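A.B. asks:
Set out below in structure tokens:
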């Protein structure tokens, strides 16, 4: 109950909250082995992403580390899975084409402001499913000083693209990664190639081998999403606009490569279905 009241106060005055400093605490507890702690932290993370917006972008790699595995949870952890899915979608929407610009000279981002009626209209995360974690079991939430003067409410936000790509790459290489998590990873890669093509093409050489390997995945859905990513890499003009060193990379000249098309019936059918679109 105490944590619910605490979150309610944060939602009333989001402009004065140190969302960034609280983010790392939430990331840790979003990976807790205790279901109630994990669910509570995930509900807080959902609210923080929605309230703070792009202020949370520098912590995207840590958030994805905690959120992505939850997307493959079974029905026993359905509540956690659903909240994690909202966190994932909300975080993805924060990435915009402006993140493809040079970091130098970027304007500071204003701190989040509460709009009229926001408290009533927003999701009531202060009452999460299955009850609320008692404040005595998680002192980190209360011991942290999270309020700041209004004079400190502008901050410069930079997308940690390198960290995000590293997390996504690790999940694709991990053979224990669940199907829904693999699909979410590929959706992230596709989204990043759409929104930040110039910066993403710097990672194509390292990503290309695992993207080719994923074509032999057991899941049709994974293969189709992987083909979308490869098609975007092949058709994007960003590769031709990069420097000569980058243009020589294998990920940027797909038309010169013999792609190892899967030979299994399932994979071949998936490839044909994608081509029909």
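In the UniProt record's numbering, the protein residues as written are 1 to 277.
For glycine and all other residues, C-beta sits at the position ideal for the given N, C-alpha and C.
Bear in mind that the values here come from a model prediction, so they are computed numbers and not experimental data.
Give me the residue from 165, 66, 202 and 25 with the minimum Cα distance to residue 88.
C.D. replies: As a position in the chain shown, residue 88 is number 88, starting the count at 1. Measuring from the Cα of residue 88, the nearest candidate turns out to be 66.
A.B. asks: Under the assumption that residue 19 contacts residue 41 (Cβ atoms under 8 Å), give the Cβ distance between them as a whole number of angstroms.
C.D. replies: For the purposes of this step, residue 19 is taken as the residue at position 19 of the chain shown. For the purposes of this step, residue 41 is taken as the residue at position 41 of the chain shown. With a Cβ gap of about 14 Å, residue 19 and residue 41 do not count as contacting.
A.B. asks: Counting pairs of beta carbons, one from the segment 167-183 and one from the segment 59-75, are three or more of them closer than 8 Å?
C.D. replies: As far as the Cβ criterion goes, the segment 167-183 touches the segment 59-75, which means the pair count is three or higher.
A.B. asks: Cα separation between residue 22 and residue 225?
C.D. replies: As a first step, residue 22 is located in the chain shown; it is residue number 22 there, counting from the start. As a first step, residue 225 is located in the chain shown; it is residue number 225 there, counting from the start. Each residue's alpha carbon lies about 34 Å from the other.
A.B. asks: Starting from residue 205, trace the alpha helix (DSSP H) in both directions and tell me its first and last residue.
C.D. replies: Residue numbering aside, residue 205 sits at position 205 when the chain shown is read from its first letter. First-last of the alpha helix (DSSP H) with residue 205: 204-213.
A.B. asks: How far does the alpha helix (DSSP H) with residue 182 in it extend, from its first residue to its last?
C.D. replies: Within the chain shown, numbered from 1, the residue matching residue 182 stands at position 182. Run containing residue 182: 179-195, per the alpha helix (DSSP H) assignment.
A.B. asks: For residue 164, which residues in the same chain have their Cβ closer than 6 Å to its Cβ, ignoring the five residues on either side in sequence?
C.D. replies: Position 164 of the chain shown, counted from the first residue, corresponds to residue 164. 60 and 61, listed in sequence order.
A.B. asks: Might you give, ordered along the chain, the residues of its own chain that have their beta carbon closer than 7 Å to the beta carbon of residue 191, omitting 5 neighbours on each side?
C.D. replies: To locate residue 191, count along the chain shown from 1; it is residue 191. Around residue 191: 92 and 95.
A.B. asks: Terminal residues of the continuous alpha helix (DSSP H) containing residue 79?
C.D. replies: In the chain shown, residue 79 corresponds to position 79, counting from 1. Here the alpha helix (DSSP H) through residue 79 covers 78-93.
A.B. asks: Could you tell me the distance, in whole angstroms, from the CA atom of residue 55 to the CA atom of residue 157?
C.D. replies: As a working note, residue 55 is residue 55 in the chain shown. As a working note, residue 157 is residue 157 in the chain shown. Their Cα atoms are separated by approximately 6 Å.
A.B. asks: Confirm, please, whether the CB-CB distance from residue 222 to residue 64 is below 8 Å.
C.D. replies: Counted from its first residue, the chain shown places residue 64 at position 64. Counted from its first residue, the chain shown places residue 222 at position 222. The answer is no: Cβ separation not under 8 Å.
A.B. asks: Output the distance between the C-alpha atoms of residue 207 and residue 37, rounded to the nearest integer angstrom.
C.D. replies: Locating residue 207 in the chain shown gives position 207, counting from the first residue. Locating residue 37 in the chain shown gives position 37, counting from the first residue. Going by the C-alpha atoms only, they are around 34 Å apart.
A.B. asks: What is the DSSP secondary structure of residue 101, reduced to helix, strand or coil?
C.D. replies: As a position in the chain shown, residue 101 is number 101, starting the count at 1. Coil at residue 101, not helix or strand.
A.B. asks: Relative to the alpha-carbon of residue 162, which residue among 79, 200 and 32 has its alpha-carbon at the smallest distance?
C.D. replies: Against the chain shown, residue 162 aligns to sequence position 162. Nearest option by C-alpha distance: 200.
A.B. asks: Among 227, 28 and 79, which one has its Cα closest to the Cα of residue 210?
C.D. replies: Sequence index remark: in the chain shown, residue 210 carries index 210 (1-based). Closest option to residue 210, Cα to Cα, is 227.
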